[in-house]
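Chains as they are written, first to last, in this note's numbering: chain A, 165 to 275; chain B, 165 to 275. Using N, Cα and C, we set each Cβ at its ideal position, and we do this for glycine too. Remember, it's a predicted structure, so these values are computed and weren't measured experimentally. Here the structure is laid out as structure tokens; the discussion comes afterwards.
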DNA sequence: TTACTATTTGGCAATATTGCCAAATAGTAA
DNA sequence: TTACTATTTGGCAATATTGCCAAATAGTAA
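Right under this line is the structure:
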């Protein structure tokens, strides 16, 4: 695989990496219903404000969210809402894995 | 946020994390066209066989792929093909980010 | 058994991520 | 100016990820 192919894959991986954290998934799902400021998100998540701010900057650098300053607050909003479509498929993975587990358990019991 | 909500988010994050690596994205896209054995994938990717094997086990533990043994080979295949839908949206993020960059450059030039 | 191929696992060093505290920055209002 | 609120940034320790080499495992065939 050549350099060019790797950097295209790196660019995609960077975006998925930005999403691959529980707090950031929470934020993205919360922004589905509209913009939120850092303080409001911090209250919901229960991590330090600075930690939430850093998570938001990870999402921003990835291009998933943008922010709008108003007074002393920053309001973050989803830039590319199709990101929300991911979670349905993620649930499918979880369900399909649970099904497999159940089949294994059943096979054991039937012996 | 309570424990239960966190573990639901952790479960989702684990699946996105499994996808968030260039070599694993390559593998998932390659498996779109059908199962592949470790050796064939190693040849395409250019990493050590043991590294590719570990990447495959990450995808397998996440529930994204499964494997089928035949002789001394293991053939891996996609378990939940909706994962492939992610990449279209990931491209949208990349395009939307590029558009934003262009607008910034244009705004500078017009001064 | 031996020789061969394919894959997986153990271990480890290099690197990246996370979350906190403390401090810095910036806007508002008196 | 000072006091206040909201957010971001720097730094650091704890933890997780990655990729290699070497060794282990397992199937096939003589």
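When the Cα atoms are used, what is the spatial distance from residue 264(B) to residue 257(B)? 11 Å
Does the distance from the CB of residue 201(B) to the CB of residue 238(B) come in under 8 Å? yes
CA-CA distance, residue 166(A) and residue 172(A)? 10 Å
List, in order along the chain, the chain A residues whose C-beta lies closer than 7 Å to that of residue 270(B)? Within 7 Å Cβ-Cβ: nothing; residue 270(B) doesn't reach chain A, min ~18 Å.
Residue 183(A), buried or exposed, once every other Cβ within 10 Å from all chains shown has been counted against 16: buried
Tell me where the alpha helix (DSSP H) around residue 196(A) begins and ends. Looking at the DSSP string, residue 196(A) is not in any alpha helix (DSSP H), and its letter there is neither H nor E.
Within-8 Å CB hit, residue 218(A) to chain B: no
In whole angstroms, give me the CA-to-CA distance for residue 260(B) and residue 208(A). 29 Å
Can you name the residues of chain B whose CB is closer than 8 Å to the CB of residue 254(A)? 176, 179, 180
Neighbouring residues, chain B, relative to residue 173(A) (Cβ below 7 Å): 186, 189, 190
Cutoff 8 Å: residue 251(B) Cβ touching any chain A Cβ: yes
Residue 219(A) to residue 235(B) span [Cα, whole Å]: 47 Å
Which same chain residues, not among the five before or five after residue 272(A), have their C-beta less than 8 Å away from its C-beta? none
Check the Cβ-Cβ distances between residue 183(A) and every residue of chain B, and say whether any is below 8 Å. yes
Minimum Cβ-Cβ distance from residue 232(A) to chain B less than 8 Å: no
Per DSSP, what kind of secondary structure is residue 232(A) in: helix, strand or coil? strand
DSSP bridge partner residues for residue 238(A) (one or two, in chain order): 233(A)
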